[in-house]
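Only one structure is covered here, and it is reproduced in the block below.
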Amino acid sequence: MSSLKVLLSAYSCRPGKGSEPGVGWHVVREVAKYHQVWLLTRANNVEAITNACSANPIPNLQVIACSLPAWLEKLNHQQRAVQLHYYLWQIAAYQQAKPLHREIGFDLIHHVTYVKYWSPSFLSLLPVPFLWGPVGGGESTPQSFHSSFSWRGRTYEFARNVARMLAAADPFVRITARRSVLARATTEETAQKLRQLGAKRVEVQSQLGISTAEIAQLGELTGNLSPNVRFVSAGRLLHWKGFHLGLQAFAEADLPADAEYWIVGDGPQRQALQNLAQSLGIARQVKFLGALSREDTWQHVAGSWALVHPSLHESGGLVCLEAMAVACPVICLDWGGPAILVSRGAGFKVVVEHPYQVVTDLAHAMTHLATHPEQVTLMGRLGRNHVQTAFAWEIKGGAIASLYQTLATNHQKFDLLSMPGGVRD
156 MSSLKVLLSA
166 YSCRPGKGSE
176 PGVGWHVVRE
186 VAKYHQVWLL
196 TRANNVEAIT
206 NACSANPIPN
216 LQVIACSLPA
226 WLEKLNHQQR
236 AVQLHYYLWQ
246 IAAYQQAKPL
256 HREIGFDLIH
266 HVTYVKYWSP
276 SFLSLLPVPF
286 LWGPVGGGES
296 TPQSFHSSFS
306 WRGRTYEFAR
316 NVARMLAAAD
326 PFVRITARRS
336 VLARATTEET
346 AQKLRQLGAK
356 RVEVQSQLGI
366 STAEIAQLGE
376 LTGNLSPNVR
386 FVSAGRLLHW
396 KGFHLGLQAF
406 AEADLPADAE
416 YWIVGDGPQR
426 QALQNLAQSL
436 GIARQVKFLG
446 ALSREDTWQH
456 VAGSWALVHP
466 SLHESGGLVC
476 LEAMAVACPV
486 ICLDWGGPAI
496 LVSRGAGFKV
506 VVEHPYQVVT
516 DLAHAMTHLA
526 THPEQVTLMG
536 RLGRNHVQTA
546 FAWEIKGGAI
556 ASLYQTLATN
566 HQKFDLLSMP
576 GGVRD
């Protein structure tokens with residue numbers, strides 16, 4: 156594999172973090188093992204990246220800080236207008252990358268973060284093969300579930316749908332899709348959106364991974380299963396995360412009297428969920444642990460009989476990967492990112508039709524594991540093997556680096572064939 160000159164755009168990119176910052180950093184670190192990488196990122200990420208590189212140098216990496224004028228940077232104060240800030244940052248990134256490309260001559264440009272399809276990357280305007288994603292955001296909550304949300308939740312869903320409709324009308328989003336040599340979607344739902352926008356080549360690929368060091372660390376937590384039946388959910392307590400469905404299922408399931416349900420995380424739905432647990436008569440069995448560190452969360456997940464993750468629209472679902480890495484079965488919906496992550500035999504994926512059906516099927520899954528503890532061990536082992544072979548960042552990084560080579564080479568062939576008297580096979 157010959158080394159290419161690659162420009163990576165990662166608005167969110169920071170070592171030692173999960174979610175978007177972690178995706179950005181891991182992609183950068185891994186592909187820099189194979190190619191020369193110029194990372195274009197927000198200025199507030201640079202210090203953390205520099206510190207990480209001081210401890211573990213990455214010779215092929217050059218970091219380029221991109222900022223908006225000071226008065227526009229205030230848009231992102233406490234993320235109050237983060238989406239507008241992100242859009243304007245994409246324009247600034249293009250303005251900074253254009254002269255840089257004239258100087259360096261990039262072989263390929265890759266948009267890494269944010270992982271969302273409904274905002275453009277103006278870097279696609281440069282005359283360089285452009286890889287978009289994986290990007291997500293095409294997942295929607297089924298209409299039948301909206302009635303289970305508060306008015307704030309329904310308002311959020313309406314606003315989200317409007318934002319995506321406006322994105323479809325944004326000519327620059329369509330240009331980004333059409334100019335991409337490959338658009339990668341986190342789910343099939345997003346893949347459909349990308350095709351509608353005009354992307355010529357689309358494939359489904361999760362954006363998530365776990366480093367081999369973290370997989371090994373998580374492996375040390377396996378084998379500490381709670382003697383009592385215990386289920387766990389982890390994440391921000393938001394309406395679309397579906398924790399209310401998990402609580403209803405726990406109340407409906409045929410479980411021992413001492414069974415417990417632990418909820419790790421905090422958010423605007425906490426009080427509503429506590430009230431729901433009280434009304435269902437399970438408040439004594441449900442523990443709200445609040446927001447915890449990743450390490451503490453892993454320990455709670457590792458001791459549980461299953462992670463219950465009934466998220467109604469999610470392009471990722473890192474906690475599902477982490478659960479499988481600690482050999483904890485996953486009970487999720489056959490919907491969005493978690494459906495892509497959870498392998499056959501590593502848990503239960505519940506079909507999504509309507510709320511009552513989902514709650515009933517989640518309850519059946521809980522009952523099955525509570526009465527078949529040997530399945531907990533078997534599913535946990537299968538899930539951990541799946542993470543090791545399909546989601547280790549080192550494996551994914553090598554695959555991305557090879558993809559760069561293929562895309563750049565094919566683009567060069569296309570350019571030659573397009574020239575008068577060009578080379579033909």
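The sequence shown begins at 156 in our numbering and counts up by one. Note that the Cβ used here is the ideal one computed from N, Cα and C, for glycine as well. Quick caveat, the model's predicted, so the values are computed rather than measured.
Q. I think V186 touches A556, with their Cβ atoms under 8 Å apart; what is that distance to the nearest whole Å?
A. 5 Å
Q) DSSP three-state call for P382: helix, strand or coil? A) Residue state, collapsed to three classes: coil.
Q) Hey, how far is the Cα of G171 from the Cα of A480? A) For G171 and A480, the distance between alpha carbons rounds to 17 Å.
Q. Cα separation between T367 and F327?
A. 38 Å
Q | Alpha carbon of L300 to alpha carbon of P510, nearest angstrom | A | In the sequence as displayed, the identity of residue 300 is Phe instead of Leu. Their Cα atoms are separated by approximately 6 Å.
Q) Mind checking V419: buried by the 16 CB within 10 Å criterion, or exposed? A) buried
Q. What's the call for D413, buried or exposed, on a 16-neighbour Cβ count within 10 Å?
A. exposed
Q) Can the beta-carbon of L126 be found closer than 9 Å to that of H240? A) Missing from the structure shown is residue 126; the chain here goes from 156 to 580 and no further.
Q. What's the C-alpha gap between I330 and S279?
A. 8 Å
**Q.** Through-space distance from D421 to A149, alpha-carbon basis
**A.** Residue 149 is absent from the model: the chain starts at 156 and stops at 580.
Q. Of all the options G472, G378, L286, which has the alpha carbon lying nearest to the alpha carbon of A165?
A. L286
Q: Could you name the residues of the same chain whose beta carbon sits closer than 8 Å to that of R257, not counting the 5 residues immediately before and after it, in chain order?
A: none
Q. Is it right to say E369 is buried, meaning 16 or more other beta carbons lie within 10 angstroms of its own, or is it exposed?
A. buried
Q. Any idea if E583 is buried or exposed, counting beta-carbon neighbours within 10 angstroms, 16 or more meaning buried?
A. Because residue 583 is not part of the residues shown, which for the chain are 156 to 580, the question remains open.
Q: Quick one: which unbroken beta strand (DSSP E) runs of 3-plus residues sit fully inside the region 319 to 394? Chain order, please.
A: 335 to 340, 357 to 359, 385 to 389
Q | Reference W417, options T310, Q191, L462, closest by Cα | A | Looking at the Cα atoms, L462 is the closest of the given residues.
Q) Of all the alpha helix (DSSP H) runs that stay within the bounds of the region 507 to 555, which reach a length of 4 or more residues? A) 510 to 526, 528 to 545
Q. By a C-beta neighbour count over all protein chains shown, 10 Å radius and 16 as the cutoff for buried, is S302 buried or exposed?
A. exposed
Q | Segment limits, alpha helix (DSSP H) that includes V192 | A | Here V192 belongs to no alpha helix (DSSP H); instead the beta strand (DSSP E) covers 191 to 197.
Q: State the start and end residues of the unbroken alpha helix (DSSP H) segment that holds K253.
A: 237 to 259
Q: Tell me where the alpha helix (DSSP H) around Q426 begins and ends.
A: 425 to 434
Q: Output the distance between the C-alpha atoms of A332 and H523, rounded to the nearest integer angstrom.
A: Computed Cα separation, rounded: 44 Å.
(Q) For G401 and L517, which I take to be in contact (beta-carbon distance under 8 Å), what is that distance rounded to the nearest angstrom? (A) 7 Å
Q. Which value, in whole angstroms, describes the spacing of the CA atoms of R334 and P411?
A. 57 Å
Q: Determine the burial state of A501: buried for a count of at least 16 other Cβ atoms within 10 Å of its Cβ, exposed for fewer.
A: So A501 ends up on the buried side.
**Q.** Counted within 10 angstroms of its Cβ, other Cβ atoms place R169 as buried (16 or more) or exposed
**A.** By the neighbour-count criterion, in which 16 or more other beta carbons inside 10 Å mark a residue as buried, R169 falls on the buried side.
Q.
Buried or exposed, going by whether 16 or more other CB atoms sit within 10 Å of the CB of G292?
A. buried
Q: Return the chain-ordered ranges of every alpha helix (DSSP H) run that is complete within the region 475 to 511 and spans a minimum of 4 residues.
A: With a minimum length of 4 residues, the continuous alpha helix (DSSP H) runs that stay inside the region 475 to 511 are 491 to 496.
Q) Near L431, what residues of its chain come up, given a Cβ to Cβ distance below 8 Å and the 5 sequence neighbours on each side ignored? A) The residues H399, L402, Q403, in chain order, have a CB closer than 8 Å to that of L431 in the same chain once the five nearest residues on each side in sequence are set aside.
Q. Mapping DSSP to helix, strand and coil, what is F285?
A. strand
Q: Can you tell me which of H468, S274, P214 puts its alpha carbon nearest to the alpha carbon of T342?
A: H468
Q) Taking the alpha carbon of L562 as the point to measure from, which residue in V336, A220, L321 has its own alpha carbon closest? A) V336
**Q.** Alpha carbon of C483 to alpha carbon of Q251, nearest angstrom
**A.** 45 Å
Q | V161 in three-state terms, based on DSSP | A | strand
Q: Go through its chain and collect everything with a Cβ distance to I246's Cβ below 8 Å, but skip five positions before and after it.
A: F277
Q: List the endpoints of the continuous alpha helix (DSSP H) containing H455.
A: 449 to 457
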